[in-house]
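For the sequence shown, the UniProt record's numbering begins at 1 and goes up steadily by one.
Don't be surprised by glycine CBs; every beta carbon is placed ideally from N, CA and C.
Model, not experiment: these values are computed from the prediction.
Some notes on the structure that comes next.
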Amino acid sequence: MLDNLGAQNLSPAELRSAIRKGDYNRPTPGLASGYAQANLVILPKDLAFDFLLFCQRNPKPCPVLDVTEVGDPEPKFAAPGADLRTDLPRYRVYEYGQMVAEVTNITDYWRDDLVAFLLGCSFTFEEALLNAGVPVRHIEEGKNVPMFITGISCRQAGPFHGPLVVSMRPIPAHLVIRAVQVTSRYPAVHGAPVHIGQPELIGIKDLNRPDFGDAVTIYPGEVPVFWACGVTPQAVAMAAKPELMITHAPGHMFITDLRDQDLAVI
Numbered sequence: 001m002l003d004n005l006g007a008q009n010l011s012p013a014e015l016r017s018a019i020r021k022g023d024y025n026r027p028t029p030g031l032a033s034g035y036a037q038a039n040l041v042i043l044p045k046d047l048a049f050d051f052l053l054f055c056q057r058n059p060k061p062c063p064v065l066d067v068t069e070v071g072d073p074e075p076k077f078a079a080p081g082a083d084l085r086t087d088l089p090r091y092r093v094y095e096y097g098q099m100v101a102e103v104t105n106i107t108d109y110w111r112d113d114l115v116a117f118l119l120g121c122s123f124t125f126e127e128a129l130l131n132a133g134v135p136v137r138h139i140e141e142g143k144n145v146p147m148f149i150t151g152i153s154c155r156q157a158g159p160f161h162g163p164l165v166v167s168m169r170p171i172p173a174h175l176v177i178r179a180v181q182v183t184s185r186y187p188a189v190h191g192a193p194v195h196i197g198q199p200e201l202i203g204i205k206d207l208n209r210p211d212f213g214d215a216v217t218i219y220p221g222e223v224p225v226f227w228a229c230g231v232t233p234q235a236v237a238m239a240a241k242p243e244l245m246i247t248h249a250p251g252h253m254f255i256t257d258l259r260d261q262d263l264a265v266i
């Protein structure tokens with residue numbers, strides 16, 4: 001079984017192969033440096049258009065990187081040859097809004113009417129933050145990023161509605177503007193923060209009790225900064241209660257072949 005250190009030197013294809021073989025099943029922050037990571041949402045074809053419309057109306061939490069053909073688990077644009085049934089470390093299966101399973105592959109759940117969406121992930125811009133001298137605490141502490149359900153409602157599309165989920169990174173006060181500048185260059189992976197400081201203003205009561213992921217240390221002089229998060233569809237699944245939705249487990253992303261810099265804007 002690979003640990004994080006052993007996985008850090010692998011290419012995206014090598015990582016996906018290790019995951020497929022069961023050699024890696026941990027969260028993926030800090031892996032595949034230089035390559036984009038992605039959130040996963042899988043739905044029946046009958047719901048796919050409404051979800052695509054939901055993404056179009058909510059581009060901050062749901063920036064679309066790739067959509068598969070009906071019944072085809074291969075993301076031909078983001079990672080040709082990959083298999084979305086096996087190539088993520090961990091998945092969650094929702095039925096009528098209830099999580100019924102967390103598994104390491106979804107071969108037994110796959111159907112010929114399913115469509116998979118890959119959505120941009122903020123793990124992608126973390127290398128750019130580090131290169132700019134901005135610390136990324138959950139990587140420093142070997143944890144999953146903390147994620148919170150907010151009191152902000154997404155724009156509805158068909159049956160899809162629910163709250164915005166955000167990821168939080170504590171940033172030294174003098175580097176907050178730099179963090180905004182760096183991440184603004186990556187609109188395809190959530191872009192600039194949606195909120196800075198005062199978590200109670202967006203419905204977050206306790207930064208030490210995230211809804212997903214792990215709590216991280218916030219040092220004196222640091223400001224909590226919040227980015228829209230691709231776990232939002234999981235909160236939407238619980239609110240909209242579709243017959244079936246399959247997602248990544250929070251923090252256990254799909255590693256694409258897309259380069260970070262190819263997703264950046266000048």
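Using only alpha-carbon positions, find the residue among the options that is nearest to residue i.
i      : options                           : result
Val223 : Gly230, Gln261, Glu126 and Pro170 : Pro170
Val182 : Pro193, Ala173 and Pro172         : Pro193
Val115 : Asn25, Gly162 and Thr247          : Thr247
Phe212 : Tyr219, Ala235 and Phe125         : Ala235
Gly191 : Lys205, Tyr109 and Val225         : Val225
Ser153 : Glu14, Leu258 and Thr232          : Thr232
Asn105 : Glu200, Glu95, Leu88 and Tyr94    : Leu88
Lys21  : Tyr219, Arg90, Pro61 and Asp206   : Arg90
Asn144 : Val93, Ala132, Pro210 and His195  : Pro210
Asp214 : Cys55, Thr256, Glu140 and Leu164  : Glu140
Ala48  : Gly71, Gly97 and Met238           : Gly71
Pro80  : Asp257, Gly30 and Gly158          : Asp257
Met238 : Met147, Glu95 and Trp110          : Glu95
Val189 : Ala240, Gln156 and Glu126         : Glu126
Val134 : Val176, Cys121, Pro159 and Tyr219 : Val176
Ile255 : Ala13, Phe54 and Arg155           : Ala13
How many angstroms separate the CA atom of residue i from the CA atom of residue j?
i           : j      : result
residue 271 : Val265 : This structure leaves residue 271 out entirely; the chain is present only between 1 and 266.
Leu119      : Cys229 : 10 Å
Asp113      : Ala179 : 41 Å
Thr68       : Lys76  : 7 Å
Ile149      : Asp260 : 27 Å
Ala78       : Ser33  : 16 Å
Thr124      : Glu243 : 31 Å
Ala250      : Pro27  : Per the sequence shown, the amino acid found at residue 250 is Pro instead of Ala. Using only the alpha carbons, I get a separation of about 8 Å.
Arg137      : Asn39  : 21 Å
Leu164      : Val93  : 20 Å
Ala128      : Arg85  : 30 Å
residue 267 : Met147 : Shown here, the chain extends from 1 to 266; a query on residue 267 therefore has no answer.
Cys55       : Gly97  : 19 Å
Glu74       : Phe117 : 11 Å
Leu15       : Leu2   : 10 Å
Which residues does DSSP pair with residue i in a beta bridge?
i           : result
residue 319 : Absent from the structure is residue 319, since the part of the chain shown begins at 1 and ends at 266.
Phe148      : Val166
Pro44       : Leu114
Ala157      : Phe160
Arg259      : Tyr35
Phe212      : Met147
Quick one: using the 10 Å Cβ neighbour count with 16 as the cut-off for buried, is residue i buried or exposed?
i      : result
Gly162 : buried
Ile42  : buried
Gly151 : exposed
Met168 : buried
Thr217 : exposed
Gln37  : buried
Lys45  : exposed
Phe51  : buried
Met245 : buried
Ala173 : exposed
Leu201 : exposed
Comparing the CB of residue i with every heavy atom of the ligand NAD, is any distance shorter than 6 Å?
i      : result
Val225 : Looking at this structure, you won't find the ligand NAD or any other ligand, since it has none at all.
Quiz item: What alpha helix (DSSP H) runs, 4 residues minimum, are completely inside the region 220-256?
Solution: Within the region 220-256, the complete alpha helix (DSSP H) segments at least 4 residues long are 232-240, listed from N- to C-terminus.
Quiz item: What are the start and end residues of each continuous alpha helix (DSSP H) run of 4 or more residues lying completely inside the region 68-131, in chain order?
Solution: Assignment of alpha helix (DSSP H) within the region 68-131, counting only whole runs of 4 or more residues, yields 126-131 in chain order.
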